[in-house]
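For the sequence shown, this note's numbering gives the first residue as 7, with consecutive numbering after it. In this text, a Cβ means the ideal position worked out from N, Cα and C, and glycines have one as well. See structure below.
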Amino acid sequence: MGKIAPKSVLRYRPVDAATRTVPVVTSRRSRPKGKHFPHTTGGPPFVKDKHRRRIHWLVPAGLAMVGTVLLIWLVQVGWERGTRVMDDLKFGYPRTTHYDVVLGHDDSPQHPSHVIALNLRGNVQVIELPGGEASQARIYTGPQLVGEHVDLAPVQLEFVKRHGKPFPDMKITCNGIAVWFRNEQGRFVPQ
């Protein structure tokens, strides 16, 4: 006995009464799989994979965020190292600055006083050489710095004439701390 065709074939069956044979069609699942190359170029065709896995939108967004955080971190580290190198070139280590200024302490415009500001392991010291004479050196102690890497903070001095005095007062600025010294009777006195 022959195979019975599935019901889906009935609509394609010839309506002619003279035709007595019914074509037998096998289902797609039962057909043998074979390689089919419909083109004639000599190799397998480019087949687009219909079931390719798509990347979720959160993956590139997350990678972009991680990349941004990494970039910000690298810029911060580079900025810190660049600032440290610039301070090393400008102020040296330990951080030191030099000034020549007329203070009224046995000096004159021809022989100004030489002032050295020094940050020695967080201890700010100012050394004054009146008239450039090292034998009459005076040492003033500035603020004590506390914290991490305080030995790298440069010391800057500012000499300002205040309160109508003929000679300037000294302002010590280091690591965001400012201390004033009054110029009285040939020396500086802390305020």
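Identity of the residue in the options nearest residue i by Cα
i: Pro-149; options: His-104, Ala-70, Pro-160; result: Pro-160
i: Val-185; options: Gly-170, Glu-164, Glu-154; result: Glu-164
i: Gly-110; options: Arg-90, Glu-134, Leu-126, Asn-125; result: Glu-134
i: Cys-180; options: Ala-140, Leu-158, His-169, Arg-193; result: Leu-158
i: Arg-101; options: Lys-9, Ala-140, Gln-162; result: Gln-162
Beta carbon of residue i nearer than 8 Å to that of residue j
i: Pro-172; j: Val-166; result: no
i: Pro-115; j: Val-107; result: no
Beta-ladder partner(s) of residue i, from DSSP
i: Trp-186; result: Lys-177
i: Glu-134; result: Val-121, Arg-144
i: His-104; result: Ile-122
i: Arg-193; result: Glu-190
i: Leu-163; result: Ile-178
i: Gln-82; result: Gln-82 is not bridged to any residue.
i: Gln-116; result: According to DSSP, Gln-116 bridges with nothing at all.
Whole-angstrom distance between residue j and residue i, CA atom to CA atom
i: Met-92; j: Gln-191; result: 38 Å
i: Asn-189; j: Gly-88; result: 37 Å
i: Gly-153; j: Leu-77; result: 27 Å
i: Arg-60; j: Thr-74; result: 24 Å
i: Ile-145; j: Val-132; result: 6 Å
i: Trp-63; j: Gly-84; result: 32 Å
i: Gln-82; j: Tyr-99; result: 23 Å
i: Lys-177; j: Gly-138; result: 20 Å
i: Phe-97; j: Gly-170; result: 33 Å
i: Pro-136; j: Val-195; result: 15 Å
i: Lys-9; j: Gly-68; result: 59 Å
i: Pro-66; j: Val-72; result: 10 Å
i: Asn-125; j: Ala-70; result: 43 Å
i: Asp-94; j: Gln-197; result: 31 Å
i: Arg-193; j: Arg-90; result: 34 Å
i: Phe-187; j: Tyr-105; result: 16 Å
i: Arg-168; j: Trp-79; result: 44 Å
Heavy atom of the ligand ATP within 7 Å of residue i beta-carbon
i: Lys-171; result: Looking at this structure, you won't find the ligand ATP or any other ligand, since it has none at all.
Whole-number beta carbon distance between residue j and residue i, since they are thought to touch under 8 Å
i: Val-156; j: Gly-128; result: 4 Å
i: Thr-103; j: Ala-123; result: 5 Å
i: Leu-151; j: Val-121; result: In fact, because the Cβ distance is near 19 Å, the residues do not count as touching under 8 Å.
i: Asp-112; j: Gln-142; result: 7 Å
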